[in-house]
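Below is one structure, written out as C-alpha cells, with a few remarks after it.
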Amino acid sequence: MQQRLQPASSLEGSIALPGDKSISHRYAMIASLAEGVTQISNYSTGADCHSTLGCMRALGVEIEAQDDQVTIHGQGLDGLRAPQADLDAGNSGSTIRMLSGILAAQPFRSRIGGDESLSRRPMQRIIRPLAEMGARICARQDRFPPLEITGSPLRPIAYTSPVASAQVKTCVLLAGLFAEGQTSVTEPVRSRDHTEIALREFGADVTLERQTITVRGRPALGARELFVPSDISSAAFFLVAALLVPGSHLVIRGVGLNPTRSALLDFLAAMGAPIRVPELESRNGELVGDLAVDYSPVRGGTIEGPLTAALIDEIPVLAVLGAASEEGLTVRNASELRIKETDRIHTIVDNLGRMGVIAEPWEDGFHV
71 MQQRLQPASS LEGSIALPGD KSISHRYAMI ASLAEGVTQI SNYSTGADCH STLGCMRALG
131 VEIEAQDDQV TIHGQGLDGL RAPQADLDAG NSGSTIRMLS GILAAQPFRS RIGGDESLSR
191 RPMQRIIRPL AEMGARICAR QDRFPPLEIT GSPLRPIAYT SPVASAQVKT CVLLAGLFAE
251 GQTSVTEPVR SRDHTEIALR EFGADVTLER QTITVRGRPA LGARELFVPS DISSAAFFLV
311 AALLVPGSHL VIRGVGLNPT RSALLDFLAA MGAPIRVPEL ESRNGELVGD LAVDYSPVRG
371 GTIEGPLTAA LIDEIPVLAV LGAASEEGLT VRNASELRIK ETDRIHTIVD NLGRMGVIAE
431 PWEDGFHV
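In this note's numbering, the protein residues as written are 71 to 438.
Below you can see the structure in the form of C-alpha cells.
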C-alpha cells in the first residue's frame, strides 16, 4: 500500500500518546507474580506488549484486556503453570529476554521463540547470567532463539554486566526474585530503572548503590492499581515534527519523564530546542509531566559514549532532525542498532538518501 503525505502548514494542539512500552512489559510480568488483582490503565496497545500478555496467559495467568485497560489476576511467585505449547514473543526482544528470567526458575520446561526477525537476535547476554544462577538453557547455535529453558531452583549471584542493558538487568533481577538471598547486577553505567521502580511498587526489597542494583529474593509481592505514563520514545517523533514545521506549538500530555530516560530532553535542549515541562508529578514512582514545544531551528550535535545507550531508541528520529540542523548529527558507539529487528544504521542512511540527504555510515554509527 502506498500513501502520499503532504507537508503540514503547522502543528498545533494537545495530544496524549499510548503508554510506555518498557513500563507496560514490566508491570504485566511482575503483576503476574504478585498476589491479587492488579489494574493497569494506559497499558501500551503495541504488538510487543500484547506478546507479553499472551505469554503470561499461556503460563496460566488470567488477564482481561480492553483497549488500554488491563486486569491481571496474579498467581504469586509459585503459581505459574507449564505452557501447553511454545511461548510466542512475536517480535519483542523485551518479552523473550526479560521473561526468560522468570522461566529459568519454574519447575517445568518451556520453549520460547518469536518471529523470523527475533530469531536472528543474539541471546548470550541473558544466557550467561542465568546459567550462572543454575538454569539450563539451550539455544539455536548456542545464541539464537528459540530458547529451551529447563527451570530449576536458582542461586543468588552478584553479576557484573559487560554492557548497560535494561533487558539484561531485568532478566537477572526477575530471576533473583525466586532465589534465596540477594541477587545483584552491576552495570558500567546506569540503564533505565523502570524495573527497580516497579519492583518497589509491588513490595520487593530493592536497593541501589552506585551502579549496583540488589534485590532480595522471595518477596511478598502485592497487587496494585497502576498508571502507565505515555512513552517518551513515541513523544520524540512529535517533538521533532513540531521543531521542524514552522508555526508549530504542541503540548504532549502525561509523558513519562523518568530521569534515566531524560537524555532525550537534555540532548534536544543542547541543540537549542525550546521544550518546556510546566509541572511534574509522581505516579507509582515514575515522574510524569506535560511537554510543550514550539517550532525552532536547531544546532547539530554528537551522540557517543554513554549517551548512545541512553538515546538508542530515539536515534532514528534524531537523525531526521540532524538532517535539518545547522551542523548535522554524528552518532558513534551504536553498533547495537545493527542487531535490532532490522539493521537500523543501514535503514536510516538509506531512507535519508532517498530524500536527498547525504549520510555517511560507519560500522558503529553515521554522520548526517
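All C-beta atoms, glycine included, are put in the ideal place defined by N, C-alpha and C.
Comparing alpha-carbon positions, which option in the options lies nearest residue i?
i	options	result
G246	P215, M193, L147 and P329	L147
T256	A249, G426, G355 and T230	T230
R402	A379, A393 and A394	A379
A228	A117, L200, W432 and A98	L200
I85	V387, V325, L150 and T330	V325
Q194	I166, K91 and N328	I166
Q28	V315, S170 and E202	Only positions 71 to 438 of the chain appear in the structure, and residue 28 is not among them; the question remains open.
G342	P289, N328 and L313	L313
S332	I142, L361 and V140	L361
V368	A339, N354 and E356	A339
A311	A393, I373 and V285	A393
G171	M99, S92 and G375	M99
D263	M425, L278, H437 and E250	L278
T330	S92, P177, V140 and L309	S92
D336	T372, G355, E356 and L320	T372
Excluding the 5 residues preceding and the 5 following residue i in the sequence, name in chain order all residues of the same chain whose CB lies nearer than 8 Å to its CB.
i	result
T115	P88, G89, D137 and D138
S442	Residue 442 lies beyond the range of the chain shown here (71 to 438); nothing can be said about it.
DSSP three-state call for residue i: helix, strand or coil?
i	result
D148	coil
I227	coil
S114	coil
Q237	helix
F178	coil
L87	coil
S352	strand
L207	The sequence shown places Ile at residue 207, rather than the Leu named in the question. DSSP places I207 in strand when its eight states are reduced to three.
L381	coil
V315	coil
A133	A small correction: the amino acid at residue 133 is Ile; Ala does not occupy that position in the sequence shown. It is a strand residue.
L81	coil
Q194	helix
R286	strand
Using a threshold of 8 Å, state whether the C-beta atoms of residue i and residue j are closer than that.
i	j	result
L291	G273	yes
A175	L129	no
G317	Y365	yes
S189	F214	yes
G423	A429	yes
G287	T265	no
G370	E349	no
I322	S300	yes
E406	S303	no
R191	G163	yes
S121	A155	no
Q237	M168	yes
I345	V363	yes
A306	V427	no
Whose C-beta lies closer than 6 Å to the C-beta of residue i among residues of the same chain, with five residues either side of it excluded?
i	result
G204	S222, L224 and R225
V131	S102 and Q145
S187	N161 and E411
S94	Y113, S114, C119 and V298
A404	T378, D434 and G435
E218	R181 and C208
Examine chain C for any beta-carbon lying closer than 8 Å to the beta-carbon of residue i, and answer yes or no.
i	result
I373	Checking the listed chains, one finds no chain C in this structure; it contains a single protein chain.
Quick one: what's got a C-beta closer than 7 Å to residue i's C-beta in the same chain, skipping five residues either side?
i	result
R151	L129 and G130
If you measure from the CB of residue i, is any heavy atom of the ligand PLP nearer than 7 Å?
i	result
I85	You won't find the ligand PLP in this model; it holds no ligand whatsoever.
(request) Would you check if the region 91 to 103 and the region 267 to 281 touch, i.e. whether three or more CB-CB distances between them fall below 8 Å? (result) yes
(request) May I ask you to verify whether the region 292 to 312 touches the region 395 to 415, counting CB pairs closer than 8 Å and requiring at least 3? (result) no
(request) Could you tell me whether the region 75 to 84 touches the region 119 to 128, where touching means 3 or more Cβ pairs closer than 8 Å? (result) no
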